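Protein chains in written order, with this note's numbering: chain A, 46 to 502; chain B, 5 to 177; chain C, 3 to 264.
To start, the structure itself, in structure tokens.
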Amino acid sequence: MKVVGARLPRYDGVGHVTGRTTYVDDVRVPGMLHAAALRSVHHNARITRLDTGAAAAMAGVHAVVTHADVPLLVYGHLSGAGIPGDEPLLAKDHVRYRGQPIALVAADTVDIARAACAAIEVDYEELPALFDVRLGFDGDAPVINDTFGNWYDQYEGNLDVRQIRKGDIDAAMDAADLIVSGVYRTQSVEQVPLETQVCVAIPEPDGRLTIHTCTQAMYFSLGVVCSHLQLPMSEVKMVGGTVGGGFGGKVDTASDTLTALAAQKSGQPVKWRWTREEEMLASGNRGPWHMEIIDAVTSDGWILGRKMLTIHDAGAYGRFSVYGLTKHSFHHTGAYSIPNLHFDGYVVFTNKIPTTAMRGYGVTGLSTAIEVHAERVAKELGMDPYEFRLKNANRVNDTSPNRIAYEDPSTVEVLQSLAAATGVELGDGLRAMTREQRSGDMLPDHLVAQIGSGGGH
Amino acid sequence: MELTVNSVARTVQSPPLTSLLTVLREELDITSPKAGCESGGCGACTVLVDGQPRRSCLTAVCAVDGAEVTTVEGLGTPEDLSRVQQAFIHHYAAQCGFCTDGLIVAATAYVGGGGSDDTGDIGEALAGHYCRCTGYVKILEAVAAVARGDTFDTASTASSANNTYVTIAGAES
Amino acid sequence: MTSTAAVSMPSSEAEAVAAVTAQPFATVLAGGTLLVPQHTLGQVEVERAVWLGRAEMDGISRSNGRMTVGAAAPLAACARLDAPVGACAADVGDNEVKAQATIGGNICSPAPYGDMRGPLLALGAVLRWADPDGTHTGGIADFAASGGARPGVLLLDIAFAVPEAGSFVALRRHHTQSLTAMSVSAVRGADGNVTIAATGAAPDACRLLSAEAVLAGGGSIAEAADASVADADPYDDVLASAAYRRRVLPVYVGRALEQLGE
Ligand SMILES: Cc1cc2nc3c(=O)[nH]c(=O)nc-3n(C[C@H](O)[C@H](O)[C@H](O)COP(=O)(O)OP(=O)(O)OC[C@H]3O[C@@H](n4cnc5c(N)ncnc54)[C@H](O)[C@@H]3O)c2cc1C
Ligand code: FES
Ligand code: FES
């Protein structure tokens with residue numbers, strides 16, 4: 046065992062501390078052009094005219110890329126999982142969020158590229174915009190997404206809702222001593238990597254493309270680029286792995302495809318680095334989640350059942366949101382064991398930046414809701430919140446909402462450590478608890494059915 | 005305009021209002037100062053100007069004509085790392101590394117100016133520097149270790165067993 | 003826009019005035035903490051610039067109970083003065099920004115920047131500025147009314163009577179880089195009168211005359227704080243909503259007055 050348990054230095058440490066690490070923005074290529082994007086100034090508008098003539102004619106401008114240049118304009122991030130694409134790489138006749146890219150200009154300098162963007166003529170017909178997921182279901186709400194309508198409607202079984210049904214929620218509600226409900230809404234969060242989105246794309250003499258990418262997901266991004274460009278993967282070489290922070294926000298392949306198109310069209314290497322303002326305005330962020338929880342509990346602190354409604358604000362397009370919601374549904378009991386579940390979740394579209402992954406996709410906001418709710422339930426019961434949590438905490442062979450038996454749940458130890466680290470004295474009974482499979486006092490009747498079933502029930 | 009960059013005399017052709025960051029990166033191809041925001045908010049572009057930490061993105065190159073500019077490349081090489089550089093490796097204070105160059109420059113000025121190993125003082129001195137990866141604790145520990153006069157083994161990573169939770173002034177509950 | 007604008011570097015105030023007011027009018031470059039990024043990102047066009055770094059306009063002096071601060075004095079130096087000026091300057095950005103940014107540049111920066119306008123308004127500071135018509139003096143409001151900072155105008159210095167006591171409180175998130183959503187400066191002059199000014203209560207810095215009147219009439223801090231809302235013109239921006247501004251203004255007025263020892 047030379048590695049496990051050893052205190053190894055970072056393999057890239059010396060490069061990082063001496064300024065030698067080459068990030069995408071540090072790649073130097075002779076003859077490199079610089080790109081800038083024209084982005085929508087409206088939240089929701091029809092594009093009635095797009096004229097790039099004046100911009101293309103400017104001295105120093107080498108390529109103006111619009112929707113017409115993209116071989117496959119619409120490709121979905123989850124196409125590989127059978128979820129239809131809905132988002133054009135560049136807006137064609139409709140912009141659905143402020144900051145949506147409409148054109149990319151490659152020019153000798155970034156200043157010329159910006160000036161050329163300003164010279165592109167766009168006429169918009171502004172439309173009413175929708176920002177509140179709760180209004181998306183209204184009959185008179187503006188229609189946000191051409192492909193799906195106002196919420197995603199193509200789950201398995203032709204459902205327009207992600208559902209989980211486990212046990213018997215009605216029986217749980219009937220048997221409850223107390224029902225505690227709460228509504229929790231978390232806000233959107235930008236990942237703010239210190240390195241903004243950046244790409245360098247180089248057309249090689251043999252016709253291939255080399256792409257220096259800041260992606261977090263190399264092979265995924267290769268697939269996205271090749272799909273839009275309709276190129277076999279053998280024609281594109283992606284160079285990456287050195288990412289100046291991503292935190293989920295660099296999964297979306299936000300800059301590679303367009304930079305590659307500009308390199309193809311101009312025949313020259315092109316760099317596109319987003320400004321910090323663009324990063325904040327237009328890069329995918331963690332979306333807001335609207336969560337309603339109703340728990341059926343007993344007076345001695347067991348959670349018999351949970352009914353939950355989640356509305357996920359996807360922004361204007363689907364991207365990974367269906368995946369995020371699915372993960373969310375699998376985790377909607379948090380670190381606790383609840384045998385009777387009724388979960389409905391919707392991915393709803395609004396005229397905001399399409400949302401994406403960030404550190405615990407679909408789960409972080411949920412954890413906030415679950416833990417705040419747990420605190421409230423304990424308070425309503427007049428029970429020590431540690432006792433309430435430790436009782437219900439996942440044990441070996443308890444099953445998750447999607448019926449996976451936990452092999453090594455650590456909730457009990459985490460709670461005990463948390464108490465120790467914060468100076469909370471737990472009683473002997475709580476200190477003695479372990480993650481071991483439920484038995485005795487820790488196995489009340491309502492939990493018997495799920496133990497050992499290993500995914501049954 | 006003339007600059008001495010990392011002890012080498014350089015003549016600069018860029019227009020006088022060009023930011024020092026752009027001059028270093030695009031004209032002189034010195035890429036350790038990073039363009040994290042280009043508006044003063046992140047600290048990734050920090051360099052030493054006549055020994056003082058300074059945001060190169062906020063500095064017009066004409067304002068440093070004749071000055072001595074030091075970037076992290078000028079503080080140490082892979083073969084001959086400065087103590088701050090060693091500490092950042094040993095204490096795992098760099099993750100993605102994008103903030104690291106600016107932080108090492110600022111930390112070098114801090115300890116060079118006799119800064120203490122008090123994490124409150126260090127936090128104040130480095131307050132303009134964002135790091136989105138580390139959570140700052142290891143950066144504060146690395147700088148404190150330099151200020152304390154520790155020696156560093158860059159072939160291993162420091163144990164976190166004795167880590168203290170760092171409290172940022174004003175953020176106490 | 004990385005323009006090729008020429009930058010002149012005068013070595014005295016008189017040279018600076020001449021350079022700024024010559025045709026075509028020049029844009030003043032002080033610390034550059036706002037101008038340089040705006041220029042890099044193509045948000046401002048500069049035809050010609052004058053850098054103040056060598057114009058010896060950064061002095062801070064005190065005589066006969068009056069403080070005179072050169073427009074090019076860095077905020078780091080201003081931070082060593084007594085409240086409210088010192089406390090306000092200390093609150094702007096981090097050490098690196100404070101070392102570079104100047105008080106004149108701050109006064110000339112549009113909201114949500116320009117925190118220094120609050121304490122200077124409370125102090126009744128007198129600004130001295132030059133334009134092609136000559137040299138002028140006036141308060142913060144007069145400078146703004148004259149058109150404020152623009153090419154061809156050079157703020158020279160700021161003078162104010164050193165108060166008996168001063169206080170400064172600010173509403174901002176706990177990070178050096180966060181901007182100030184609201185601040186309240188209070189000053190007790192040699193005559194015992196209290197003057198109060200706020201930033202973030204209205205789109206620009208404003209005096210809180212109603213609160214001052216309550217104090218002058220013998221009212222309590224709480225009464226003065228409540229009265230301050232009448233002077234506000236709360237607005238929504240990214241830092242705070244109008245409703246929130248209206249709600250917290252009295253709280254901050256109360257704190258500033260308590261700090262002042264009213
Ligand atoms: C990271 C960061 C944090 C900040 N935080 C704050 C904050 O908390 N509160 C706050 O108020 N501000 C804040 N600012 C803004 C900062 O205060 C101002 O940028 C600074 O004070 C401007 O001074 P300067 O000398 O750098 O001005 P410059 O950038 O040189 O100039 C700014 C503007 O003023 C004009 N100007 C400058 N001096 C004169 C003069 N003498 N006469 C006429 N015109 C002049 C310039 O032409 C230009 O239009 C922050 C800035 C940064 C980068
Ligand atoms: S790039 Fe200069 S502070 Fe962010
Ligand atoms: S190490 Fe990634 S931002 Fe600091």
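Every residue, glycine too, gets a C-beta built ideally from N, C-alpha and C.
Note that the structure is a prediction, hence the values are computed from the model and not measured.
- Between Val48 of chain C and Ala16 of chain C, the C-beta gap is not smaller than 8 Å, which leaves the two residues out of contact.
- For the stretch 35-48 of chain C, the set of residues with a beta-carbon nearer than 8 Å to any beta-carbon of chain A comprises Leu43, Gly44, in chain order.
- If you draw a straight line from the Cα of Ser382 of chain A to the Cα of Lys424 of chain A, it is about 19 Å long.
- Within the stretch 225-247 of chain A, contact with chain B at the beta-carbon level (separation under 7 Å) is assigned to Val237, Pro238, Leu239, Glu240.
- Within the same chain, and ignoring the five residues on either side of Val88 of chain B in sequence, the residues whose Cβ sits closer than 6 Å to its Cβ are Ile108, Ala111, Thr112, Val150.
- For Val76 of chain B, the residues of chain A that pass the 8 Å Cβ criterion are Val62, Thr63, Gly64, in the order they occur in the chain.
- In this structure, C:Ala229 is the residue among C:Val240, C:Asp239, C:Ala229 with its C-alpha nearest to the C-alpha of Tyr254 of chain C.
- Here the distance from the Cβ of Gln99 of chain B to the nearest heavy atom of ligand 3 is below 7 Å.
- Boundaries of the alpha helix (DSSP H) harbouring Phe433 of chain A: 430-437, taken from the DSSP string.
- In this structure, Asn437 of chain A lies near Ile348 of chain A, with their beta-carbon atoms less than 8 Å apart.
- Using a CB distance cut-off of 8 Å, Val128 of chain C does not count as an interface residue toward chain B.
- For Glu98 of chain C, no beta strand (DSSP E) segment is defined; the enclosing uninterrupted segment is the alpha helix (DSSP H) at 97-102.
- Looking only at C:Ser187, C:Gly61, C:Val52, C:Ala127, the smallest Cα-Cα distance to Cys66 of chain B is reached by C:Val52.
- Taking the CA atoms as reference points, Thr395 of chain A sits about 42 Å from Arg55 of chain A.
- If only complete runs of 3 or more residues are kept, the stretch 151-233 of chain A shows the beta strand (DSSP E) at 166-171, 207-211, 223-231, in order along the chain.
- Taking a beta-carbon distance threshold of 8 Å, Ser23 of chain B counts as an interface residue toward chain C.
- Short note on Val99 of chain C: C-beta closer than 7 Å to some heavy atom of ligand 1.
- Three or more beta-carbon pairs separated by less than 8 Å are not found between the stretch 189-196 of chain A and the stretch 405-415 of chain A, which leaves the two stretches without contact.
- In the DSSP secondary-structure assignment, Tyr115 of chain C is not bridged to any residue.
- Residue range 456-466 is occupied by the alpha helix (DSSP H) that includes Thr456 of chain A.
- Counting along the chain, the unbroken alpha helix (DSSP H) around Asn108 of chain C starts and ends at 105-110.
- Linking Val46 of chain C to Leu54 of chain C through their CA atoms gives a straight-line distance of about 19 Å.
- Between Glu171 of chain A and Ala90 of chain A, the CB-CB gap stays under 8 Å.
- Asn330 of chain A is classed as buried because its beta carbon has at least 16 other beta carbons within 10 Å across all chains shown.
- DSSP, reduced to helix, strand and coil, places Tyr391 of chain A within a strand of the structure shown.
- Linking Pro454 of chain A to Thr444 of chain A through their CA atoms gives a straight-line distance of about 10 Å.
- For Leu475 of chain A, the enclosing alpha helix (DSSP H) begins and ends at 473-476.
- In the three-state scheme derived from DSSP, where H, G and I count as helix and E and B as strand, Ile34 of chain B is classed as coil.
- The C-alpha of Tyr197 of chain A is placed about 27 Å away from the C-alpha of Ala113 of chain A.
- Only buried fits Gly132 of chain B, as 16 or more other CB atoms lie within 10 angstroms of its CB.
- Under DSSP, Met283 of chain A takes part in a beta bridge, and its partners are A:Ile256.
- Between Ala147 of chain C and Gly106 of chain C, the C-beta spacing is not below 8 Å.
- A distance of 8 Å or more separates the beta carbons of Val342 of chain A and Val228 of chain A.
- Phe156 of chain B does not reach chain A, its nearest Cβ partner there being about 10 Å away, counting only Cβ pairs nearer than 7 Å.
- Sixteen is the threshold: since fewer than 16 other Cβ atoms of the shown chains lie within 10 Å of the Cβ of Glu470 of chain A, the residue is exposed.
- Here Gln495 of chain A is buried, its C-beta having at least 16 other C-beta atoms within 10 Å.
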